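Keeping their order, the protein sequence lines are chains A and B.
Using the working numbering, the letters of the first sequence map in sequence onto residues 1 to 114.
Using the working numbering, the letters of the second sequence map in sequence onto residues 1001 to 1110.
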Amino acid sequence: ETGVTQTPRHLVMGMTNKKSLKCEQHLGHNAMYWYKQSAKKPLELMFVYSLEERVENNSVPSRFSPECPNSSHLFLHLHTLQPEDSALYLCASSQVWRGGYEQYFGPGTRLTVT
Amino acid sequence: KQEVTQIPAALSVPEGENLVLNCSFTDSAIYNLQWFRQDPGKGLTSLLLIQSSQREQTSGRLNASLDKSSGRSTLYIAASQPGDSATYLCAVRDTDKLIFGTGTRLQVFP
Chain A
1 ETGVTQTPRH LVMGMTNKKS LKCEQHLGHN AMYWYKQSAK KPLELMFVYS
51 LEERVENNSV PSRFSPECPN SSHLFLHLHT LQPEDSALYL CASSQVWRGG
101 YEQYFGPGTR LTVT
Chain B
1001 KQEVTQIPAA LSVPEGENLV LNCSFTDSAI YNLQWFRQDP GKGLTSLLLI
1051 QSSQREQTSG RLNASLDKSS GRSTLYIAAS QPGDSATYLC AVRDTDKLIF
1101 GTGTRLQVFP
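See below:
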């Protein structure tokens, strides 16, 4: 595997379910990111992890809970979501967090909340 | 607060045309600007990254320019092909984050 991978690619869940999204980067990077892309809106940064520490939480509701057990893996735990949380969730990584380092994106998880 | 705008929102052109996509941003204090391509329902593919000290970058048929003082970037696509059909996103990098525009949806028809 190369680059940034995400699983699952598609997920349908009810509002009472609990699920997790997984991201893995094979680039040796130290920073990882979760973004949300809703229809007709710009990509929104949700969370940033640098060296496994959360450094940014962009006013995201607590029903989204990130976890970064090591610098290669990032999870997004989901519980009691709302239909408006349906979106494409993208993971990215970069060599370091601050500065002009390029971010590399995964293919995304298409989430539908019913 | 940095805001990124892309014009036009959608563009439909015949194959072979040269075209220009526009991106503007409100705060010139940026590290770099990046152009991405996104195919429907897919992730982002980085096309070009221009550091704040650079004026342009080229890759194949793509050329991106950056004018920090006026808060503008353009992506020039030469001799467009149907395979270029996608949404093109521009994003500026400040100290901590990438800030994205809403994209230009490009359709190139044969």
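Glycine included, each C-beta is placed from N, C-alpha and C at the ideal position.
Quick caveat, the model's predicted, so the values are computed rather than measured.
Please confirm if residue i has its CB atom under 8 Å from at least one CB of chain A.
| i | result |
| --- | --- |
| Lys1097 of chain B | yes |
| Lys1042 of chain B | yes |
| Gly1060 of chain B | no |
| Gly1101 of chain B | yes |
| Asn1063 of chain B | no |
| Asn1022 of chain B | no |
Output needed for residue i: all residues of its chain with C-beta closer than 7 Å, excluding positions within five of it in sequence on either side, in chain order.
| i | result |
| --- | --- |
| Gln25 of chain A | Val4, Met32, Ser72, Ser93 |
| Pro107 of chain A | Gln6, Arg9 |
| Leu51 of chain A | Asn30, Ser71 |
| Ala1086 of chain B | Arg1037, Gln1038, Asp1039, Leu1106 |
With burial defined as no fewer than 16 other Cβ atoms inside 10 Å of the residue's Cβ, what is the status of residue i: buried or exposed?
| i | result |
| --- | --- |
| Ser1080 of chain B | buried |
| Phe1025 of chain B | buried |
| Ala1029 of chain B | exposed |
| Asn57 of chain A | exposed |
| Ile1050 of chain B | buried |
Let me check understanding here. Comparing Cα to Cα, which of the options lies closest to residue i?
| i | options | result |
| --- | --- | --- |
| Lys40 of chain A | B:Ala1009, B:Leu1021, B:Ala1091, B:Leu1033 | B:Ala1009 |
| Pro69 of chain A | A:Val60, A:Arg54, A:Tyr104, A:Thr80 | A:Arg54 |
| Gln1034 of chain B | B:Phe1100, B:Gly1083, B:Gln1002 | B:Phe1100 |
My understanding is that residue i touches residue j, with C-beta atoms under 8 Å, so please give their C-beta distance in whole angstroms.
| i | j | result |
| --- | --- | --- |
| Cys1090 of chain B | Val1004 of chain B | 6 Å |
Can you check whether the C-beta of residue i is within less than 8 Å of a C-beta belonging to chain C?
| i | result |
| --- | --- |
| Phe1025 of chain B | Structure shown: chain C not included; protein chains present are A and B. |
Taking only beta-carbon positions, decide if residue i is within less than 8 Å of chain B.
| i | result |
| --- | --- |
| Glu102 of chain A | yes |
| Lys41 of chain A | yes |
| Leu51 of chain A | no |
Within a Cβ cutoff of 6 Å, which residues of the same chain sit near residue i, ignoring the five residues on either side of it in sequence?
| i | result |
| --- | --- |
| Gln95 of chain A | His29, Tyr101 |
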